[in-house]
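Student: Here it is, the structure in full.
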Amino acid sequence: MKIQFTLNNKKIEADIKIGQTLLEYLRENGIYSVKYGCDNGECGACTVLVNGKAQNSCLMLMHTVNNCKIETVESFSDHKTLHPLQKSFLDEGAVQCGYCTPGMILSAEALIREKTNPDEAEIKDALAGNLCRCTGYVKPIKAVQK
Ligand code: FES
Ligand code: FES
Numbered sequence: 023m024k025i026q027f028t029l030n031n032k033k034i035e036a037d038i039k040i041g042q043t044l045l046e047y048l049r050e051n052g053i054y055s056v057k058y059g060c061d062n063g064e065c066g067a068c069t070v071l072v073n074g075k076a077q078n079s080c081l082m083l084m085h086t087v088n089n090c091k092i093e094t095v096e097s098f099s100d101h102k103t104l105h106p107l108q109k110s111f112l113d114e115g116a117v118q119c120g121y122c123t124p125g126m127i128l129s130a131e132a133l134i135r136e137k138t139n140p141d142e143a144e145i146k147d148a149l150a151g152n153l154c155r156c157t158g159y160v161k162p163i164k165a166v167q168k
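Note that this note's numbering gives residue 133 to position 111 of the sequence shown, counting from 1, and the numbers run on in steps of one.
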């Protein structure tokens, strides 16, 4: 089955496999910022933006993203400058092993696009689906506030 979508501002026509998830497709096509964690919608490591909303790509079948706009952190950097959220996460020490970081940044980006100055409760709510084993969550929240 062929579908079309935009991935990081590039138009893609893909011949997809039945039952293939967006997570599987992205990693098979070199988008390694999107992490394989629980494969069950629990950890948020596989978060991507679909039409601007943070979604768990492990739960999305490829046929459901036909004509959608998919974004990952690969679209955030030109390898010379960092996206402000990426810089803030580094500056605040909010990155340790980094496994959760792309997903957290995308969840934060979705929030900030909706509301430019979210309060702490809104940030906590936006990051609630992104589990982190390292940071204790305080620094990522500070990074988003910054
Ligand atoms: S791998 Fe998708 S939520 Fe954990
Ligand atoms: S920095 Fe290691 S899981 Fe979050």
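For every residue, glycine included, the Cβ atom is placed at its ideal position computed from N, Cα and C.
To which residues of the same chain is V87 closer than 8 Å at the C-beta, ignoring the five residues directly before and after it?
Tutor: Cβ neighbours of V87 beyond the five flanking positions: I25, F27, L44 and V72.
Student: Pairs of beta-carbons, one from the region 89 to 101 and one from the region 154 to 168, closer than 8 Å: are there three or more?
Tutor: No, the region 89 to 101 is not in contact with the region 154 to 168.
Student: Would you be able to state if there are at least three C-beta pairs under 8 Å between the region 148 to 158 and the region 115 to 122?
Tutor: Judged by Cβ distances under 8 Å, the region 115 to 122 makes contact with the region 148 to 158, as three or more pairs qualify.
Student: Going along the chain, which residues of its own chain have a beta-carbon closer than 8 Å to the beta-carbon of Q108, five neighbours each way excluded?
Tutor: For Q108, where only same-chain residues beyond five positions count, the Cβ hits under 8 Å are V95, F98, S99 and I127.
Student: Quick check on the DSSP output: the alpha helix (DSSP H) that includes E144 runs from which residue to which?
Tutor: E142 to L149 is the extent of the alpha helix (DSSP H) around E144.
Student: Just curious, the beta strand (DSSP E) that A77 is in, first and last residue?
Tutor: In the sequence as presented, Ala is not what sits at residue 77; that position holds Gln. Here the beta strand (DSSP E) through Q77 covers K75 to N78.
Student: Express the C-alpha separation of C68 and L149 in angstroms, rounding to a whole number.
Tutor: Roughly 13 Å separates the two Cα atoms.
Student: Looking at the unbroken beta strand (DSSP E) that takes in L71, where does it start and where does it end?
Tutor: First-last of the beta strand (DSSP E) with L71: T69 to V72.
Student: Please report the distance separating the alpha-carbon of G66 from that of G74.
Tutor: Cα-Cα distance, rounded: 16 Å.
Student: Within its chain, find whatever has a CB closer than 6 Å to the CB of M23; leave out the 5 residues flanking it on each side and keep chain order.
Tutor: These residues qualify, in order along the chain: I38.
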